[in-house]
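**Student:**
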């Protein structure tokens, strides 16, 4: 009996998940910004960008990708995990990094406590400032015969 209830629960959960991203539904950008692409896949060409809280209409779903139409009538693909079905309200003056760290329980006060233990964040700060172009990243992935993650 418990197995049956568990199976029914997962079926209802899966149905709700697919319904929340069905064609014609309205979704909202849940990240600071996300690229709108020509096709599915990390290396698909960029045709635009979507900002936090922007509403879109779902045109179709393909795996972890949503084809969406913006309020400016631009249609493209974006990763489904960049969206929510709830209207998003700006976090105010907090940056996306601060919001992400706060969600993980990390704050400026927590960093001060870690520094007391002798931890040095200079190298971490330097790495965070590095930028790699998509072109260079794609060359690296292809040269190493790595999975593209599409």
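Numbering (the numbering used here), first residue to last: 93 to 242. We put the CB at the ideal spot given by N, CA and C, even for glycine.
Assign residue 175 to one of two classes, buried (16 or more other C-beta atoms within 10 Å of its C-beta) or exposed (fewer than that).
**Tutor:** Sequence index remark: in the chain shown, residue 175 carries index 83 (1-based). The residue is buried, with at least 16 neighbouring Cβ atoms inside 10 Å.
**Student:** Reducing DSSP to helix, strand and coil, say where residue 128 ends up.
**Tutor:** In the chain shown, counting from the first residue as 1, residue 128 sits at position 36. The answer is strand: DSSP assigns residue 128 an E or B state.
**Student:** Report the option in 127, 144, 169, 142 whose CA atom is closest to the CA atom of residue 155.
**Tutor:** For the purposes of this step, residue 155 is taken as the residue at position 63 of the chain shown. Nearest of 127, 144, 169, 142 to residue 155, Cα basis: 169.
**Student:** For residue 221, does the count of other Cβ atoms within 10 angstroms reach 16, so buried, or fall short, so exposed?
**Tutor:** Position 129 of the chain shown, counting from 1, holds the residue named residue 221. Counting Cβ neighbours within 10 Å, residue 221 comes out exposed, since fewer than 16 surround it.
**Student:** Going straight from the alpha carbon of residue 166 to that of residue 128, what length do you get?
**Tutor:** The count along the chain shown starts at 1 and reaches residue 166 at position 74. The count along the chain shown starts at 1 and reaches residue 128 at position 36. Between residue 166 and residue 128, the C-alpha separation is close to 9 Å.
**Student:** In the DSSP assignment, the beta strand (DSSP E) including residue 208 goes from what residue to what residue?
**Tutor:** Along the chain shown, one-based indexing puts residue 208 at 116. Element bounds for residue 208: not the beta strand (DSSP E) but the alpha helix (DSSP H), 200-208.
**Student:** Inspect the beta-carbon positions of residue 180 and residue 162 and report whether they are closer than 9 Å.
**Tutor:** For the purposes of this step, residue 180 is taken as the residue at position 88 of the chain shown. For the purposes of this step, residue 162 is taken as the residue at position 70 of the chain shown. It is not a contact, given that the beta carbons lie outside the stated cut-off.
**Student:** Would residue 158 be called buried (16 or more neighbouring beta carbons within 10 Å of its own) or exposed?
**Tutor:** As a first step, residue 158 is located in the chain shown; it is residue number 66 there, counting from the start. So residue 158 ends up on the buried side.
**Student:** Measure the alpha-carbon distance for residue 230 versus residue 214 and round it to whole angstroms.
**Tutor:** One-based indexing of the chain shown puts residue 230 at position 138. One-based indexing of the chain shown puts residue 214 at position 122. Rounded to whole angstroms, residue 230 to residue 214 spans 28 Å at the Cα level.
**Student:** Between which two residues does the beta strand (DSSP E) carrying residue 231 extend?
**Tutor:** As a first step, residue 231 is located in the chain shown; it is residue number 139 there, counting from the start. Where residue 231 is concerned, there is no enclosing beta strand (DSSP E), although the alpha helix (DSSP H) it sits in stretches over 226-235.
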